[in-house]
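Student: Numbering (UniProt numbering), first residue to last: 1 to 224. From the three backbone atoms N, C-alpha and C, an ideal C-beta is built for every residue, glycine too.
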Amino acid sequence: MLPEEPPPSAPSPPPLLADSITPDQDKANANSGEIQPLVIMTKALKIPPNSFGISKVYPTIPTPASPMGDSNPYFCLPHTSLSSPIFPHHPLGEIIHPYPNLSSWRFAHHHWMGLKSKSLEDWDTLQTLITHPDFNATDLLEGIDAYNWDPSGVKQTQAVKKAAAAVAQIAATTKTPVEINVEGHCFNVPGFWYHSITQVIVSVFGHNTSSKNFHFHPFKKTYQ
Numbered sequence: 001m002l003p004e005e006p007p008p009s010a011p012s013p014p015p016l017l018a019d020s021i022t023p024d025q026d027k028a029n030a031n032s033g034e035i036q037p038l039v040i041m042t043k044a045l046k047i048p049p050n051s052f053g054i055s056k057v058y059p060t061i062p063t064p065a066s067p068m069g070d071s072n073p074y075f076c077l078p079h080t081s082l083s084s085p086i087f088p089h090h091p092l093g094e095i096i097h098p099y100p101n102l103s104s105w106r107f108a109h110h111h112w113m114g115l116k117s118k119s120l121e122d123w124d125t126l127q128t129l130i131t132h133p134d135f136n137a138t139d140l141l142e143g144i145d146a147y148n149w150d151p152s153g154v155k156q157t158q159a160v161k162k163a164a165a166a167v168a169q170i171a172a173t174t175k176t177p178v179e180i181n182v183e184g185h186c187f188n189v190p191g192f193w194y195h196s197i198t199q200v201i202v203s204v205f206g207h208n209t210s211s212k213n214f215h216f217h218p219f220k221k222t223y224q
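1) So is A18 buried or exposed if we call it buried at 16+ other beta carbons inside 10 Å?
2) What are the complete alpha helix (DSSP H) segments, minimum 4 residues, inside the region 187–219?
3) Would you grab the beta carbon distance between L126 and S103 for me? Rounded to a whole angstrom, and I think it's under 8 Å.
4) Rounded to whole angstroms, what's the CA-CA distance from H110 to S210? Just pull it up for me.
5) Could you check what DSSP says for K221 in three-state terms: helix, strand or coil?
6) Have a look at N208 and F214 and give me their C-alpha separation to the nearest angstrom.
7) Sort out for me which residues DSSP pairs S55 with in a bridge.
8) Taking a contact to mean a Cβ-Cβ separation below 8 Å, would you say S55 touches P62 in this structure?
9) Strictly by DSSP, which residues pair up with L45?
10) Consider the C-beta atom of A44 and the heavy atoms of the ligand FAD; say whether any pair is separated by less than 7 Å.
11) Helix, strand or coil: which one does DSSP assign to S103?
12) Spatial neighbours of F187 within its chain, please: CB distance less than 7 Å, with the 5 preceding and 5 following residues excluded, ordered by chain position.
13) How long is the line joining the alpha carbons of S51 and L45, rounded to whole angstroms?
14) Mind checking F107: buried by the 16 CB within 10 Å criterion, or exposed?
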């Protein structure tokens, strides 16, 4: 038999940093004669609360995934360019549809937004309406009525409105079957709405220019 090798010697303790040892610790170490473990203190970072009173506390100062010139502990959020409008532009005729002109729309708006019994305030409102620069009384000769009418000029009944709402709801529904296994039985759930979280991550990190400043540090969210 070959002789066994001696057991490996215990690793030497890591050296202590001079800046991290307080005078009390140095005195205690000298008295006890034992090497105390090194404790590294980290500085927490608290983000000031936003307009909703929500603030975040990081255990350490976070850094972006791709450090830039000056380290900024405040992470960068995705932003929308102000040069392009958020909402699409619609022409005036499409906005006031089905009313043929702005005067008829103002007239109907005054009728429906007022009370059944007109007050002095309604009197002043009507006076302001008919003296408005873009109000033309001749536009009211196109045969409008006091109803919230559709393009045919006929007031819709409740049954027609309910049928139209049901058709619109069905048209806006995407049917996606989902398989659910319960005790050996498979059920198909139609019309299940879902949004792939993987596709959201790929879309943000692949197309958003601010994704290079994202960081992956945990934080504690507080509300004031």
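Tutor: So, to answer that:
1) In this prediction, A18 has a pLDDT of 47, which is less than 50 and means its spatial position is unreliable; nothing more can be read from the coordinates.
2) 197–207
3) With 8 Å as the limit, L126 and S103 do not qualify as a contact, their Cβ atoms being about 13 Å apart.
4) 47 Å
5) strand
6) 11 Å
7) T222
8) no
9) Y58
10) Within the structure as shown, the ligand FAD is missing, as the structure has no ligands at all.
11) helix
12) I180
13) 19 Å
14) buried
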